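Here's the structure we're looking at; comments come further down.
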Amino acid sequence: MEKEQINNNLVYTLSEFYKIMADYTRMKIIYALMKKELCVSDISEIVEMSQTAVSYQLRILRGARLVKHRREGKMIFYSLDDDHINDIINTTVMHLEHEE
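First residue of the sequence shown: 408, per this note's numbering; consecutive thereafter.
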């Protein structure tokens with residue numbers, strides 16, 4: 408039987424991706440953005456954190472391409488980067504709720 412090779416670069420990238428999502432605060436932000444697009448002040452109220460702390464976490468999430476932003480005048484609105492993020496969270500929830 409032939410040994411299957413592991414793509415170390417892919418495994419490393421997956422690991423880094425899940426490290427970012429493993430943070431409790433970032434997950435709360437992602438979960439809030441699953442519902443609708445929000446500005447920093449709205450996210451701050453929902454997750455009960457300062458706007459500075461939320462902005463810091465959003466910068467990390469943007470860097471990982473988990474969230475994106477758009478400007479409307481002076482306001483900046485954040486949303487999930489694409490539907491794949493929604494799918495990942497929903498699939499995980501289904502897995503966690505699955506009863507054997």
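Glycine included, each C-beta is placed from N, C-alpha and C at the ideal position. Please read these numbers as outputs of a predicted model, since none were measured by experiment.
Unbroken beta strand (DSSP E) run spanning residue i, endpoints
i, result
"L487", "M482 to L487"
One or two residues paired with residue i in a DSSP bridge
i, result
"E355", "Within the shown structure, residues of the chain are numbered from 408 to 507, placing residue 355 beyond reach of any answer."
"L445", "Y485"
Residue range of the unbroken alpha helix (DSSP H) whose run includes residue i
i, result
"K435", "Y431 to K442"
"R477", "First-last for R477: V474 to E479, but that is the beta strand (DSSP E), not the alpha helix (DSSP H)."
"N414", "That residue, N414, is in no alpha helix (DSSP H); it is neither H nor E in DSSP."
"Y502", "Correcting the residue identity first, residue 502 is His in this sequence and not Tyr. Run containing H502: D490 to E504, per the alpha helix (DSSP H) assignment."
Integer Cβ distance of residue i from residue j, believed to fall under 8 Å
i, j, result
"M441", "I496", "6 Å"
"V447", "V461", "6 Å"
"I437", "I492", "7 Å"
Exposure of residue i, with buried meaning 16 or more beta-carbon neighbours within 10 Å
i, result
"R472", "exposed"
"R433", "buried"
Which of helix, strand or coil DSSP assigns to residue i
i, result
"S457", "coil"
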